Amino acid sequence: MTSLTINTSPLDSLASFSSIWCVVLSPDPTNTHKTKEVFLKHSLRLVASAAVLSVLITSTLYGGGFQLNEHGARAMAMGGAFAARASDLSAIYFNPAGLAFQKGAQVLLGATLIFPKTSFFGPDQLNTNQETKMKSQVFTPINLYASYEIMDGLVGAIGVNNPYGLGTEWPSDWTGKFITQKVDLQTFFISPTISYKVTDQLSVGAGVNYVTGEVTIKRMVSDPFDPHATTEIEGTANAFGWNAGVMYKFSPTLQLGASYRSEVKMEATGTASFDPARSAYPAGDISSNLHLPATGFVGVAYSPIDELWIEADYQYIGWSSYKELAITFKKDNSTSVSPKNYEDTYMIRVGAEYTMGDLQLRAGYLYDRSPAPAKYVEPLLPDANRNGLNLGFGYRLSKQLNIDVAYLFLKIDQRKAVDTEIKFDGTYNSMASLIGVNIGYSF
């Protein structure tokens, strides 16, 4: 198996095709066979380059950009600080041990509306600085949960959510069109879970995660025959992971929770196609092993008065396992390697909930540190440190029915990309607004 490193710089691609074009124009008839061979080799390199970008979507989802932490409006309103209490069915994600203290049969259904905004300031084709705004989009990740109390202290549950998702779309003629134009990523985690109350103070829980996902990426290619040629990459992957948690109640006013979600190793397969289709750009199959990082939560919750709970959580994310991305091209069994060198990172979450009869008022704050070194920032979805302010409420409509609503304003730090691997430097400014709604029913 041969190994090659792909440089996805649009300038390098143009230079590569310029050399091919010179061979094509050569009057020497002995160059005919060589012309075809060289052209096909460079075409395959371009396919490889596009394929690298396709999986970079999944690698960029590794960063905070595509990672979704909003899996229930109640937790979302409290900054995601929920590992210690885990007092609704979103415990399937935050800490499965919390399910053991929940009674009867329940369902919890919800979704989050995400409104991201990003702009890029940097040189255009004329080497003059200008601002380019990402196209407006709305994303709607879902969360669906159900549980059943098998016996006192033993609860079975299942959840479906989207821990990784979103996408980006830039104007078709923007200066980074050779890197990315459009990205769409969807993942689903299906998580059967069991939780057991060991004592009135101690509970444990564990679950299996079946993960399925798909990604589509579109970008322009440097084609001497057609300046508007594009490539589209589509890939799918499936895998299994697991999660476990523990909860301990020191007293009615103080409790501790910790949980762990395993790394998920996904074997992705996909294809690359070109528009317009031409024999010099054959469709190609690709495969790659992708790792979604392990995550750990530790939280402590305290109730200073009967009506108020305060919680603080620390979330660790093991990005350092992601050093490089290797992709195999099935046609010639070659491999491309793209360095990433991500770093371990963390999130800090704090939240509070105040109860007034059937109404609960909530607020929170979160800090999310980016794992991506500046050298590897890219417009697929530029990643940076984030600060979030959260507000929300819950209301019990009846003995069985309740509703939760949350709002999150996410301020993303300005990120300057300098001397990047893909030779695309500039400044990114981003923000996002999120609205979460859940309906819960107890049987």
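Residue numbers (the numbering used here): -9 to 433.
Glycine included, each C-beta is placed from N, C-alpha and C at the ideal position.
Given the structure is predicted, the values throughout are model-derived calculations rather than measurements.
Does DSSP classify residue i as helix, strand or coil?
i	result
L349	strand
L89	helix
S311	helix
A291	strand
I412	coil
I82	helix
A364	helix
M210	strand
R251	strand
A63	helix
W299	strand
N377	strand
P372	coil
L387	coil
S39	The predicted position of S39 is uncertain, since its pLDDT is 44 and thus under 50; a value taken from the coordinates is nonetheless stated next. In the structure shown, S39 sits in a helix (DSSP, three-state: H, G or I).
N151	strand
E333	coil
A234	strand
S137	strand
N228	strand
S33	Reliability of the predicted coordinates at S33 is poor, the pLDDT of 47 falling under 50, and the value obtained from them is presented with this limitation in mind. If DSSP states are grouped into helix, strand and coil, S33 belongs with the helices.
D190	coil
Whose C-beta lies closer than 7 angstroms to the C-beta of residue i among residues of the same chain, with five residues either side of it excluded?
i	result
W309	Y52, P283, Y332, E333, D334, T335 and P361
K208	Q171, K172, T220 and E222
F287	A73, F84, N85, A248, S249, D303 and Q305
V408	A364 and D415
T345	E297
A227	G203, M256, E257, A258 and L280
Give me the Cβ distance between residue i and residue j, rounded to the nearest whole Å; I'm assuming they're in contact under 8 angstroms.
i	j	result
Y186	G143	6 angstroms
A74	V340	Between V340 and A74 the Cβ distance is about 12 angstroms, and since that is not below 8 angstroms, they are no contact.
A87	S193	4 angstroms
L424	E60	6 angstroms
State the Cα-Cα distance for the pair residue i and residue j, rounded to the nearest angstrom.
i	j	result
R386	N119	53 angstroms
G450	D322	It is not possible to answer for residue 450, since the shown part of the chain is limited to -9 through 433.
N377	T130	21 angstroms
M237	N85	8 angstroms
Y397	P363	29 angstroms
M124	K330	24 angstroms
T243	G149	29 angstroms
T102	I429	12 angstroms
P372	E224	21 angstroms
A291	I300	6 angstroms
G112	L356	30 angstroms
G94	S77	14 angstroms
L391	G426	17 angstroms
G274	I104	34 angstroms
G126	E159	Note on identity: in this sequence residue 126 is Ser, with Gly being the wrong assignment. Computed Cα separation, rounded: 8 angstroms.
Q404	T417	7 angstroms
L175	F319	21 angstroms
L379	S293	22 angstroms
S263	K239	56 angstroms
T410	D265	29 angstroms
Relative to the C-alpha of residue i, which candidate in the options has its C-alpha closest?
i	options	result
I82	G195, K330 and E314	G195
G347	G354, E297 and R376	E297
G146	N133, G354, E343 and G197	G197
I307	S326, V128, S328 and I338	I338
S181	N133, V205 and F319	N133
G235	A229, L246 and S241	L246
Y250	F240, G231, S241 and S263	G231
V188	Q390, T226 and A90	A90
S326	D358, S277 and W160	S277
D358	L391, S324, I402 and S388	I402
Q57	P294, K365, T417 and A374	A374
I184	W164, I140 and A248	I140
E253	G203, Q191 and T285	T285
P106	S432, A422, Y431 and F433	A422
G157	T165, T410, S263 and T206	T206
Who are the Cβ neighbours of residue i in its own chain at under 8 angstroms, not counting the five residues just before and after it?
i	result
N279	K255, M256, E257, A258 and A316
F383	A67, L349, Q350, L351, R352, D394 and V395
E314	V327, S328, P329, K330 and N331
For residue i, which residues from the same chain have a beta carbon less than 6 angstroms from its beta carbon, with the 5 sequence-adjacent residues on both sides left out?
i	result
Y135	L79, I82, L98 and G149
S109	E121, K123 and N419
K167	M210
F179	N151, P153, N199 and V201
L381	A353 and Y397
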